[in-house]
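In our numbering, the protein residues as written are 1 to 251.
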């Protein structure tokens with residue numbers, strides 16, 4: 001929080017994971033007590049910071065190991081948060097964070113498979129529980145051996161078109177997650193081509209997340225992400241309050 005204020009940010013949204021699967025270990029499985037504790041912490045931080053901290057959550061698509069969509073929707077109430085991300089970390093026992101995911105897939109095939117999985121799962125999940133889909137480029141952070149894992153629209157154009165159409169039709173959007181840039185060589189960014197497609201299809205706004213698990217990653221390359229959004233032709237950056245999008249013109 002102190003770092004966010006030093007960076008001059010107007011607010012910060014904390015989006016801790018809520019998962020009901022044990023694919024990454026039982027310590028990742030949320031229950032009523034852990035969700036209640038999370039909400040207590042978020043409410044307290046929001047109060048003591050006079051609203052500087054927003055209450056967020058990152059919901060993970062359940063993989064029936066053993067969690068289900070019903071388990072997750074029973075565990076959380078959409079109105080308890082200001083902002084909610086839905087994201088995919090594993091599917092049918094596999095994950096971009098497992099070496100097996102890349103064993104018989106190129107980076108392009110992995111990216112296409114990941115978005116295809118999201119397209120399958122998102123139709124099973126109630127739209128009132130989320131605002132954006134998180135880190136659609138998370139495969140770049142996975143267990144691959146690529147020296148430069150930059151993604152190109154050509155890797156997964158058919159799949160992202162399907163996802164973008166669904167999101168736009170439902171009034172939802174994307175997170176631009178800058179943590180992927182930490183994996184790319186030099187000061188490289190990626191995503192201009194698929195964000196341009198999103199804008200061309202009618203996408204009006206995105207959110208930005210730094211996926212910060214360490215203080216020094218808070219606000220990581222925020223300006224680079226804003227520049228990318230502007231170049232892609234997306235007119236607005238959104239923040240959220242009580243699940244309502246607040247639009248900020250990208251200048």
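Idealized CB from N, CA, C, for every residue including glycine.
As the structure is a prediction and not an experimental result, all values here were calculated from the model.
What did DSSP end up calling residue 128 once you bin it into helix, strand or coil? Three-state DSSP puts residue 128 in a helix.
Considering only their Cβ atoms, is the gap separating residue 30 from residue 18 smaller than 9 Å? It is a contact, given that the beta carbons lie within the stated cut-off.
From 139, 140 and 129, pick the residue whose C-alpha is nearest to that of residue 171; which is it? The shortest C-alpha separation from residue 171 is found at 129.
Pick out the complete beta strand (DSSP E) segments inside the segment 152-218, 3 residues or longer, and give them in chain order. Correct list: 173-177 and 205-209.
Which same chain residues, not among the five before or five after residue 245, have their C-beta less than 6 Å away from its C-beta? Closer than 6 Å at Cβ, skipping near neighbours: 238.
Under 8 Å by Cβ, that's how I've got residue 72 and residue 132 pegged, so tell me the actual separation to the nearest angstrom. The pair is not a contact, with the Cβ atoms about 17 Å apart (cut-off 8 Å).
What residue from 127, 126 and 89 has the CA that sits closest to residue 113's CA? Among 127, 126 and 89, the Cα nearest to that of residue 113 belongs to 89.
Apply the 10 Å Cβ neighbour rule to residue 36 and answer buried if 16 or more other Cβ atoms are within range, or exposed otherwise. Residue 36 counts as exposed, since fewer than 16 other C-beta atoms from the protein chains shown sit within 10 angstroms of its C-beta.
Classify residue 96 as helix, strand or coil using the three-state DSSP reduction. Of the three classes helix, strand and coil, the one that applies to residue 96 here is coil, per DSSP.
On the DSSP bridge assignment, give the partners of residue 24 in chain order. Partner(s): none; residue 24 has no beta bridge.
For residue 207 and residue 224, what's the separation of their Cα atoms in angstroms? C-alpha separation (whole angstroms): 13 Å.
Since I believe residue 163 is in contact with residue 115 (beta carbons under 8 Å), could you give me their beta-carbon distance rounded to a whole number of angstroms? About 6 Å separates the two Cβ atoms, so the contact holds.
Under 9 Å between C-beta atoms, does residue 143 make it to chain C? Here there is only one protein chain, and chain C is not present.
Whole-angstrom distance between residue 137 and residue 152, CA atom to CA atom: Whole-angstrom Cα-Cα distance: 10 Å.
Looking at residue 54 and residue 12, is the spacing between their C-beta atoms short of 9 Å? In this structure, the beta-carbon distance from residue 12 to residue 54 falls below 9 Å.
What are the residues that DSSP puts in a beta bridge with residue 66? For residue 66, which the question treats as bridged, DSSP gives the partners 21.
Ignore the nearest five residues each way along the sequence and tell me which others in residue 257's own chain have a CB closer than 6 Å to its CB. Since the displayed the chain opens at 1 and closes at 251, residue 257 lies outside it and no answer follows.
For residue 58, which beta-bridge partners are listed by DSSP? Answer is 17 and 85.
Near residue 61, which residues of its chain fall below 6 Å by C-beta distance, leaving aside the five closest residues on each side in sequence? If you ignore the 5 residues before and after residue 61, its C-beta comes within less than 6 Å of the C-beta of 88 and 121, all in its own chain and listed in chain order.
DSSP three-state call for residue 136: helix, strand or coil? In this structure, residue 136 counts as coil in the three-state DSSP scheme.
Under 8 Å by Cβ, that's how I've got residue 198 and residue 174 pegged, so tell me the actual separation to the nearest angstrom. Indeed they touch by this definition, with Cβ atoms about 6 Å apart.
Candidates 79, 234 and 48, of which the one nearest residue 243 by Cα: Residue nearest to residue 243 within the set 79, 234 and 48 is 79 (criterion: CA-CA distance).
Beta-ladder partner(s) of residue 239, from DSSP: For residue 239, which the question treats as bridged, DSSP gives the partners 246.
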